[in-house]
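Undergrad: Residue 5 in numbering that gives the first Met the number 0 sits at position 6 of the sequence shown, and the numbers go up by one each step. For reference, the structure I am asking about is given below.
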Amino acid sequence: MLLKEPINSILAEVASASPAPGGGSVSALAGANGAALISMVCRLTIGKKKYLAVSEEMEQILVKSEELR
0 MLLKEPINSI LAEVASASPA PGGGSVSALA GANGAALISM VCRLTIGKKK
50 YLAVSEEMEQ ILVKSEELR
């Protein structure tokens with residue numbers, strides 16, 4: 000399973016002549032990274048005075064991004 004492999008091993012496998020892992024696995028990993036970055040931004044935003052007006056929306060986005068991750 001790719002989730003338990005170090006990133007350098009995954010990259011070596013993707014770059015190899017082997018047909019797997021392929022585009023689907025790489026796309027899924029890229030999507031999970033994107034969702035993780037959204038979660039990070041939400042956590043950095045929630046609770047900050049400057050962003051109180053969007054805190055509730057950020058909390059909803061955080062829940063969804065965690066589901067996607």
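Backbone N, C-alpha and C define an ideal beta-carbon position, used for all residues, glycine too.
1. If you run the structure through DSSP and keep just helix, strand and coil, what is Lys47?
2. If you count every other CB in all the chains shown that lies within 10 Å of the CB of Met57, and 16 or more means buried, which is it?
3. In angstroms, rounded to a whole number, what distance separates the CA positions of Val13 and Ala19?
4. For Ile6, which residues in the same chain have their Cβ closer than 8 Å to its Cβ, ignoring the five residues on either side in sequence?
5. Any chance the segment 22-32 sits against the segment 41-61, with 3 or more Cβ pairs inside 8 Å?
TA: By the coordinates alone:
1. For the purposes of this step, residue 47 is taken as the residue at position 48 of the sequence shown. Correct three-state label for Lys47: coil.
2. Translated into positions along the sequence shown, residue 57 becomes position 58. Met57 should be labelled buried.
3. As a working mapping, residue 13 is identified with position 14 in the sequence shown. As a working mapping, residue 19 is identified with position 20 in the sequence shown. Approximately 7 Å, taken between the alpha carbons.
4. Here the question's residue 6 lines up with position 7 in the sequence shown. Contacts found: none.
5. no
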